[in-house]
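As structure tokens, the structure follows; a few thoughts come after it.
Numbering (the UniProt record's numbering), first residue to last: 1 to 89.
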């Protein structure tokens, strides 16, 4: 039974990793990356590493996608801002 659970978790992880790679829009990719972090946390629990799963949940599911979304927002805001009068670039 445990081997079946491990194989299922590995297949789900491979599926989510592929989904992250194939997602082209950076904002959507950050959301899919968060789902991938949850799947990785489940895989770590299945592999009996709950401490790693908790770290993955905090960092991979919340912090990294949040930083990516904030960076995307900052870049988009910077590109849409009108240049100042004294700014020649």
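Heads up, the beta-carbon is just placed ideally off N, CA and C, and yes, glycines get one too.
Simplified DSSP state of residue 51, which is helix, strand or coil | Indexing the chain shown from 1 puts residue 51 at position 51. DSSP places residue 51 in the helix class (H, G or I) of the three-state scheme.
Does the region 41-55 come within contact of the region 69-83, defined as at least 3 CB pairs closer than 8 Å?
-> No, they do not touch.
Residue 64 at chain D interface by Cβ criterion, 9 Å = Absent from the structure is chain D; it holds one protein chain and no more.
With 16 other Cβ atoms within 10 Å as the buried cut-off, status of residue 65 | Here residue 65 refers to the residue found at position 65 of the chain shown. Residue 65 is classed as buried because its beta carbon has at least 16 other beta carbons within 10 Å across all chains shown.
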